[in-house]
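To start, the structure itself, in structure tokens.
Numbering (the numbering used here), first residue to last: 7 to 271.
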């Protein structure tokens, strides 16, 4: 019998384990996968998603088993209103021996505090900041309560200057000018820049309660992410050794995950 190769996608491309301490997110991004799942399974409504509720039992679960690389958080961001709860979660995960990939649309006040508190553990922390566009009007539409491009860039610079491993996620790309983001962040990234398409966008927008304008903007965004446009993008960024392509783009380009890691494709 032929052996099967397990497909690696989603958060597992970044870490074998995820951890969260909050249900809901004040940023209320229109395309949010976690929001759509919470609505689907009746844990939240479209209106209540912005209400942030502690779910510390998930940290208890993450602190069982052998230490490994953990993505924190994966279903919410680290916002000022839940910073103390998130700091407590980070403290516990590190105490268990985990290495952390901290992923968020960053607020400077949160990153400043986090870097200062965990400076002694910086060899076990990588920051990966989500920046899907360099245009604030685009960010404001898709991520209405998240920080501006300038604030996210300042967070990246600060974490880099403080000696932490730094990374950027451009998943989902929110326009057809992702190269503007790459050009702005490259010199402050020590690890990688991940680029990915807007997955299952129409389905997620519908579940999340999108109006006609949002659905129309979604169609416009998807039109910039056709296979031909993705091939053009890959060609333009092929020389940047920091670039990593998410599975949505690897599928178009025929890139195997292990090849990407070896060659930096």
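All C-beta atoms in this analysis are idealised placements derived from N, C-alpha and C, irrespective of residue type, glycine included. Computed from a predicted structure; not experimentally measured.
(request) If I'm right that residue 25 touches residue 58 with Cβ under 8 Å, what's the distance once you round it to whole angstroms? (result) Here residue 25 refers to the residue found at position 19 of the chain shown. Here residue 58 refers to the residue found at position 52 of the chain shown. In fact, because the Cβ distance is near 16 Å, the residues do not count as touching under 8 Å.
(message) Here's the rule I'm using: 16 or more other beta-carbon atoms within 10 Å means buried, otherwise exposed. How should residue 143 be labelled?
(response) Here residue 143 refers to the residue found at position 137 when the chain shown is read from its first residue. Looking at its Cβ environment, which holds fewer than 16 other Cβ atoms inside 10 Å, residue 143 is exposed.
(request) Check the C-beta distance from residue 182 over to residue 235 and give it rounded, since I have them as a contact under 8 Å. (result) One-based indexing of the chain shown puts residue 182 at position 176. One-based indexing of the chain shown puts residue 235 at position 229. Confirmed, Cβ separation roughly 7 Å.
(request) Closer than 7 Å by C-beta to residue 196: which residues in its own chain qualify, once you throw out the five before and the five after it? Chain order, please. (result) Numbered from 1 along the chain shown, position 190 holds the residue referred to as residue 196. So the qualifying residues of the chain are 166, 171 and 172.
(request) Measure the Cβ-Cβ separation of residue 34 and residue 56 and say whether it is below 9 Å. (result) Mapped onto the chain shown, residue 34 falls at position 28. Mapped onto the chain shown, residue 56 falls at position 50. Cβ atoms of residue 34 and residue 56: closer than 9 Å.
(message) Rounding to the nearest angstrom, what Cα-Cα distance links residue 9 and residue 112 in this structure?
(response) Residue 9 sits at position 3 when you count from the first residue of the chain shown. Residue 112 sits at position 106 when you count from the first residue of the chain shown. At residue 9, the pLDDT of 41 sits below 50, so the modelled position is not reliable; the number obtained from the coordinates is stated separately. Rounded to the nearest angstrom, the two C-alpha atoms are 42 Å apart.
(message) Going by the DSSP bridge assignment, what does residue 136 pair with across the sheet?
(response) Indexing the chain shown from 1 puts residue 136 at position 130. In the DSSP output, where bridge partners are listed per residue, residue 136 has 175.
(message) What would DSSP say about residue 265, mapped onto helix, strand or coil?
(response) Residue 265 sits at position 259 when you count from the first residue of the chain shown. Reliability fails at residue 265, whose pLDDT of 49 lies under 50, so the model's placement of it is uncertain and no value is given.
(request) Check whether the region 37–54 touches the region 90–103, taking contact to mean three or more Cβ pairs, one atom from each stretch, closer than 8 Å. (result) no
(message) Using a Cβ-based criterion (distance less than 8 Å to any ligand heavy atom), does residue 213 qualify as near the ligand ATP?
(response) As presented, the structure is devoid of all ligands, the ligand ATP included, so that no description of it is given.
(message) Could you compute how far the alpha carbon of residue 216 sits from the alpha carbon of residue 233?
(response) Locating residue 216 in the chain shown gives position 210, counting from the first residue. Locating residue 233 in the chain shown gives position 227, counting from the first residue. So the two alpha carbons sit approximately 25 Å from each other.
(request) Below 7 Å CB to CB, which residues in the same chain sit around residue 267 once its five sequence neighbours on both sides are set aside? (result) Here the question's residue 267 lines up with position 261 in the chain shown. Note that residue 267 has pLDDT 49, beneath the 50 cutoff, so the model's placement of it is unreliable and no number is given.
(message) Just to confirm my understanding: we take residue 80, look at its own chain, exclude 5 residues before and 5 after, and list those with CB closer than 8 Å. What are they?
(response) Translated into the one-based positions of the chain shown, residue 80 becomes position 74. Closer than 8 Å at Cβ, skipping near neighbours: 17, 24, 25, 26, 40 and 109.
(request) Take every Cβ of the region 243–250, pair it with every Cβ of the region 219–234, and state whether three or more of those distances are shorter than 8 Å. (result) The way I'd put it, the region 243–250 doesn't touch the region 219–234; fewer than three beta-carbon pairs between them come closer than 8 Å.
(message) Whole angstroms are fine: how far does the CA of residue 260 sit from the CA of residue 254?
(response) Indexing the chain shown from 1 puts residue 254 at position 248. Indexing the chain shown from 1 puts residue 260 at position 254. For residue 254 and residue 260, the distance between alpha carbons rounds to 10 Å.
(message) Quick check on the burial criterion: 16 or more other C-beta atoms within 10 angstroms. Buried or exposed for residue 63?
(response) Within the chain shown, numbered from 1, the residue matching residue 63 stands at position 57. Residue 63 should be labelled exposed.
(request) Would you mind reading off the limits of the beta strand (DSSP E) that contains residue 47? (result) Here residue 47 corresponds to residue number 41 of the chain shown, with the count starting at 1. Note, residue 47: premise wrong, no beta strand (DSSP E); not H, not E.
(request) Could you check the C-alpha separation between residue 192 and residue 136 for me, to the nearest Å? (result) Here the question's residue 192 lines up with position 186 in the chain shown. Here the question's residue 136 lines up with position 130 in the chain shown. Spanning the two alpha carbons is a distance of roughly 14 Å.
(request) Can you give me the Cβ contacts of residue 60 inside the same chain, cut-off strictly under 7 Å, excluding the 5 residues immediately before and after it? (result) As a working mapping, residue 60 is identified with position 54 in the chain shown. Excluding sequence neighbours, residue 60 sits near 27, 28 and 91.
(message) So for residue 29, helix, strand or coil by DSSP?
(response) Here the question's residue 29 lines up with position 23 in the chain shown. The answer is strand: DSSP assigns residue 29 an E or B state.
(request) Reducing DSSP to helix, strand and coil, say where residue 80 ends up. (result) The count along the chain shown starts at 1 and reaches residue 80 at position 74. If DSSP states are grouped into helix, strand and coil, residue 80 belongs with coil.
(message) Just to confirm before moving on: does the CB-CB distance between residue 54 and residue 214 stay below 9 Å?
(response) Counting from 1 along the chain shown, the entry for residue 54 is found at position 48. Counting from 1 along the chain shown, the entry for residue 214 is found at position 208. Their beta carbons are not under 9 Å apart, which means residue 54 does not touch residue 214 by this criterion.
(message) Would residue 131 and residue 198 be called neighbours here (beta carbons separated by less than 9 Å)?
(response) On the chain shown, position 125 is the one that residue 131 refers to. On the chain shown, position 192 is the one that residue 198 refers to. No, the Cβ-Cβ distance between residue 131 and residue 198 is not below 9 Å.
(message) Determine whether the beta carbon atoms of residue 21 and residue 74 lie at a separation below 9 Å.
(response) The sequence position of residue 21 within the chain shown is 15, counting from 1. The sequence position of residue 74 within the chain shown is 68, counting from 1. Here residue 21 is near residue 74, since their CB atoms are less than 9 Å apart.
(message) To the nearest angstrom, how far is the alpha carbon of residue 158 from that of residue 164?
(response) Counting from 1 along the chain shown, the entry for residue 158 is found at position 152. Counting from 1 along the chain shown, the entry for residue 164 is found at position 158. Their backbone Cα atoms lie some 10 Å apart in a straight line.
(request) Indicate the three-state DSSP secondary structure (helix, strand or coil) for residue 20 in the structure shown. (result) Along the chain shown, read from residue 1 onward, the residue named residue 20 stands at position 14. The answer is coil: DSSP assigns residue 20 none of H, G, I, E or B.
(request) From the DSSP output, in three-state form, read off residue 106 for me. (result) Sequence index remark: in the chain shown, residue 106 carries index 100 (1-based). Note: residue 106 maps to strand in three-state DSSP.
(message) Which residue marks the beginning of the alpha helix (DSSP H) containing residue 254, and which one marks its end?
(response) In the chain shown, counting from the first residue as 1, residue 254 sits at position 248. From DSSP, the alpha helix (DSSP H) with residue 254 extends over 253–259.
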